[in-house]
Amino acid sequence: MRELKVQPIRNGTVIDHIAPGMALKVLHVLRIPQEGMTSTVTAAINVPSKEMGRKDIVKVEDRELDPHEVDKISLIAPRASINIIREYEVAEKHLVHLPDMVEGIVRCSNPNCITNQAEPVLSAFKVTSKDPPRLQCGYCDRLITDIAAQLR
Amino acid sequence: MAQQGLRGKSLVHIQDLSLPDIEHVLDVADKMVPAAEGKQRVTSAQGRLLATLFFEPSTRTRLSFEAAMARLGGQSLGFSEPKTSSAAKGETLADTVRVTSQYADVIVVRHPQEGAARLAQRFSRVPVINAGDGAGQHPTQTLLDLFTIRREKGPIGQQRVALVGDLKYGRTVHSLAQGLARFGTEMVLVAPPTLQMPRDQVEDLKHAGARVTLATRLEEVVGSADVLYVTRIQKERFPDLEEYRKVAGTYTVDAELLAQAKRSAIVLHPLPRVGEIDPEVDSTQHAKYFQQAFYGVPVRMAILSLILGLGE
Ligand SMILES: [Zn+2]
Chain X
698 MRELKVQPIR
708 NGTVIDHIAP
718 GMALKVLHVL
728 RIPQEGMTST
738 VTAAINVPSK
748 EMGRKDIVKV
758 EDRELDPHEV
768 DKISLIAPRA
778 SINIIREYEV
788 AEKHLVHLPD
798 MVEGIVRCSN
808 PNCITNQAEP
818 VLSAFKVTSK
828 DPPRLQCGYC
838 DRLITDIAAQ
848 LR
Chain Z
9 MAQQGLRGKS
19 LVHIQDLSLP
29 DIEHVLDVAD
39 KMVPAAEGKQ
49 RVTSAQGRLL
59 ATLFFEPSTR
69 TRLSFEAAMA
79 RLGGQSLGFS
89 EPKTSSAAKG
99 ETLADTVRVT
109 SQYADVIVVR
119 HPQEGAARLA
129 QRFSRVPVIN
139 AGDGAGQHPT
149 QTLLDLFTIR
159 REKGPIGQQR
169 VALVGDLKYG
179 RTVHSLAQGL
189 ARFGTEMVLV
199 APPTLQMPRD
209 QVEDLKHAGA
219 RVTLATRLEE
229 VVGSADVLYV
239 TRIQKERFPD
249 LEEYRKVAGT
259 YTVDAELLAQ
269 AKRSAIVLHP
279 LPRVGEIDPE
289 VDSTQHAKYF
299 QQAFYGVPVR
309 MAILSLILGL
319 GE
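Chains X and Z, in that order, give the protein sequences. Heads up: the first sequence is residues 698 to 849, going by the numbering used here. Heads up: the second sequence is residues 9 to 320, going by the numbering used here.
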């Protein structure tokens with residue numbers, strides 16, 4: 698099994714089926730590494746995959762990621778699957794789900810947007826399409842197509 | 009019913025209004041015309057205050073709002089010199105709005121950045137009217153444009169409207185096109201290829217119910233249009249002055265061009281104009297752009313009246 702190239706983990710979270718090359722962006726969205734974080738994190742890039750040709754995988758040990766947090770990665774990896782691992786077994790498996798609204802995380806691509814000024818607001822976007830993900834700024838209406846480029 | 013829809017609400021985006029809301033604004037504006045002309049006295053806004061927060065100067069728009077408030081019997085306060093305002097001292101828009109919305113019953117915001125009115129709405133304790141945020145929305149301009157077409161030409165959905173000039177960057181025209189689409193109006197978008205309306209916006213218009221065709225030459229459409237809505241082509245959009253002069257000259261409306269127009273066709277322009285309409289047009293029956301500027305008052309009276317719940 699090609700999967701074995703990446704060590705199995707005992708407890709934690711495995712994010713599978715990430716589009717090739719997006720693993721580091723996924724970590725960025727998850728705010729990993731965070732100060733004070735001690736979990737071992739493994740990112741595998743360009744792993745051969747039957748369904749996808751190539752894919753990326755992220756493994757976070759000893760930490761079960763909050764599903765809400767994980768949903769944010771659907772912005773850049775709409776087909777990712779999340780596996781919660783307990784004692785080497787997949788205890789839970791679910792697909793990412795892009796919410797209808799996205800706050801923070803993404804910066805509006807319009808440099809003249811009020812959310813890019815020193816105002817006390819988070820950016821806010823309506824999700825106009827889930828796959829591929831497309832966002833529309835809730836302030837200036839700008840459509841964001843290259844979301845990865847706008848990640849904070 | 010629709011009045012219920014506007015009372016206490018902000019007007020940031022033309023899409024904030026349903027079609028019945030828009031029609032109701034126009035109906036109320038019809039009734040406001042005599043008062044806007046000074047022929048009738050209205051006192052419904054007595055004791056009410058409008059705050060005009062102009063973070064960039066737009067004298068025409070500000071005066072139009074202040075005239076509207078005064079004609080309703082209310083009063084205005086505000087600033088239009090950002091250099092003397094708190095914004096110049098580094099205060100956030102959010103704080104300026106939080107403070108000034110304590111002083112007034114409704115506020116009008118003009119700001120150089122897109123999305124500013126939406127932000128102001130979030131922090132204001134009173135309704136916010138967007139008087140233009142950057143290249144974004146300017147819904148009261150759209151309403152007065154629609155009002156002008158209805159007043160001067162009749163049912164909006166039955167007109168053939170040619171939108172002429174900078175259709176790529178011009179916010180007035182995007183917002184107007186969205187408004188016209190709601191009525192199912194037939195539109196011809198007349199612009200040089202480099203300034204034509206972006207394709208996704210054209211698709212949105214069609215999706216919203218408009219019949220839209222594109223054209224590059226004014227001469228091709230002038231004979232069939234009921235309304236020629238002319239906008240400014242800005243120098244900054246061109247790499248050199250030569251190119252600008254060439255293009256701008258092609259989209260100038262003059263008496264010679266209008267000789268081919270329908271007798272009843274009207275010419276509109278959001279003003280100020282810079283050569284797009286030859287002054288010789290001013291004295292023709294087609295010229296309605298000064299009338300259009302006047303209609304800004306009754307339309308803003310209607311909007312203020314509905315938002316403040318003043319009744320009619
Ligand atoms: Zn924006």
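Don't be surprised by glycine CBs; every beta carbon is placed ideally from N, CA and C. Nothing here was measured: the structure is a model prediction, and the numbers come from that model.
Residue environment, residue i, which counts as buried when at least 16 other CB atoms sit within 10 Å
i: residue 799 (chain X); result: buried
i: residue 788 (chain X); result: exposed
i: residue 29 (chain Z); result: buried
i: residue 98 (chain Z); result: exposed
i: residue 47 (chain Z); result: exposed
i: residue 733 (chain X); result: exposed
i: residue 701 (chain X); result: Because the pLDDT of residue 701 (chain X) is 48, which lies under 50, any placement of that residue in the model is unreliable, and the number read from its coordinates should be weighed accordingly. Its Cβ having fewer than 16 others within 10 Å, residue 701 (chain X) is exposed.
i: residue 203 (chain Z); result: buried
i: residue 747 (chain X); result: exposed
i: residue 757 (chain X); result: buried
i: residue 830 (chain X); result: buried
i: residue 298 (chain Z); result: exposed
i: residue 180 (chain Z); result: buried
i: residue 721 (chain X); result: exposed
i: residue 308 (chain Z); result: buried
i: residue 250 (chain Z); result: exposed
i: residue 133 (chain Z); result: exposed
i: residue 175 (chain Z); result: buried
i: residue 34 (chain Z); result: buried
i: residue 305 (chain Z); result: buried
Rounded Cβ spacing between residue i and residue j (contact assumed at less than 8 Å)
i: residue 312 (chain Z); j: residue 76 (chain Z); result: 6 Å
i: residue 803 (chain X); j: residue 848 (chain X); result: 6 Å
i: residue 774 (chain X); j: residue 706 (chain X); result: About 19 Å; that fails the 8 Å criterion.
i: residue 56 (chain Z); j: residue 316 (chain Z); result: 6 Å
i: residue 137 (chain Z); j: residue 18 (chain Z); result: 7 Å
i: residue 286 (chain Z); j: residue 263 (chain Z); result: 7 Å
i: residue 112 (chain Z); j: residue 59 (chain Z); result: 4 Å
i: residue 150 (chain Z); j: residue 139 (chain Z); result: Actually they are not in contact, since the Cβ atoms of residue 150 (chain Z) and residue 139 (chain Z) sit about 12 Å apart, beyond 8 Å.
i: residue 124 (chain Z); j: residue 811 (chain X); result: 5 Å
i: residue 229 (chain Z); j: residue 169 (chain Z); result: Rounded, the Cβ-Cβ distance is 10 Å, inconsistent with contact.
i: residue 216 (chain Z); j: residue 189 (chain Z); result: 4 Å
i: residue 827 (chain X); j: residue 795 (chain X); result: 5 Å
i: residue 741 (chain X); j: residue 724 (chain X); result: About 12 Å separates the two Cβ atoms, so there is no contact after all.
i: residue 768 (chain X); j: residue 736 (chain X); result: The Cβ separation is near 20 Å, so there is no contact.
Proximal chain Z residues relative to residue i, where beta-carbon distance stays under 8 Å
i: residue 803 (chain X); result: Per Cβ cutoff of 8 Å: no residues; residue 803 (chain X) is ~14 Å from chain Z at best.
Residue interval of the alpha helix (DSSP H) (run including residue i)
i: residue 29 (chain Z); result: 27-44
i: residue 208 (chain Z); result: 207-215
i: residue 195 (chain Z); result: That residue, residue 195 (chain Z), is in no alpha helix (DSSP H); its beta strand (DSSP E) goes 194-198.
i: residue 265 (chain Z); result: 263-266
i: residue 183 (chain Z); result: 179-190
i: residue 748 (chain X); result: Unbroken run through residue 748 (chain X): none, as it is neither H nor E.
i: residue 229 (chain Z); result: 226-229
i: residue 79 (chain Z); result: 67-79
i: residue 63 (chain Z); result: Premise fails: residue 63 (chain Z) is in no alpha helix (DSSP H) and is neither H nor E.
i: residue 737 (chain X); result: Note, residue 737 (chain X): premise wrong, no alpha helix (DSSP H); not H, not E.
i: residue 127 (chain Z); result: 124-131
Listed by chain order, chain Z residues near residue i by CB distance under 9 Å
i: residue 843 (chain X); result: In chain order: nothing, as chain Z lies at least about 15 Å away.
Per-residue contacts from residue i into chain X (C-beta, under 8 Å)
i: residue 144 (chain Z); result: 837, 838
i: residue 101 (chain Z); result: 811, 814, 816
Closer than 7 Å at the beta carbon, the chain X residues around residue i
i: residue 124 (chain Z); result: 811
Chain X residues whose Cβ lies nearer than 9 Å to that of residue i
i: residue 185 (chain Z); result: The premise fails here: residue 185 (chain Z) is roughly 14 Å from chain X at the closest Cβ pair, so nothing lies under 9 Å.
i: residue 293 (chain Z); result: Going along chain X, no residue has its Cβ under 9 Å from residue 293 (chain Z), so there is no contact; the nearest lies around 38 Å.
Endpoints, the beta strand (DSSP E) within which residue i is located
i: residue 119 (chain Z); result: 114-119
i: residue 833 (chain X); result: 830-834
i: residue 826 (chain X); result: 821-827
i: residue 783 (chain X); result: 778-783
i: residue 302 (chain Z); result: Element bounds for residue 302 (chain Z): not the beta strand (DSSP E) but the alpha helix (DSSP H), 297-316.
i: residue 769 (chain X); result: No beta strand (DSSP E) contains residue 769 (chain X), which DSSP labels as neither H nor E.
i: residue 786 (chain X); result: 786-792
i: residue 713 (chain X); result: 709-715
i: residue 139 (chain Z); result: 136-141
i: residue 86 (chain Z); result: 83-87
In the segment 804-823 of chain X, which residues sit with their C-beta less than 7 Å from some C-beta in chain Z, listed in chain order?
807, 809, 810, 811, 812, 814, 815, 816, 817, 818
Against chain X, which members of the segment 111-142 of chain Z pass a CB distance test of less than 8 Å?
119, 120, 121, 122, 123, 124, 126, 127, 130, 141, 142
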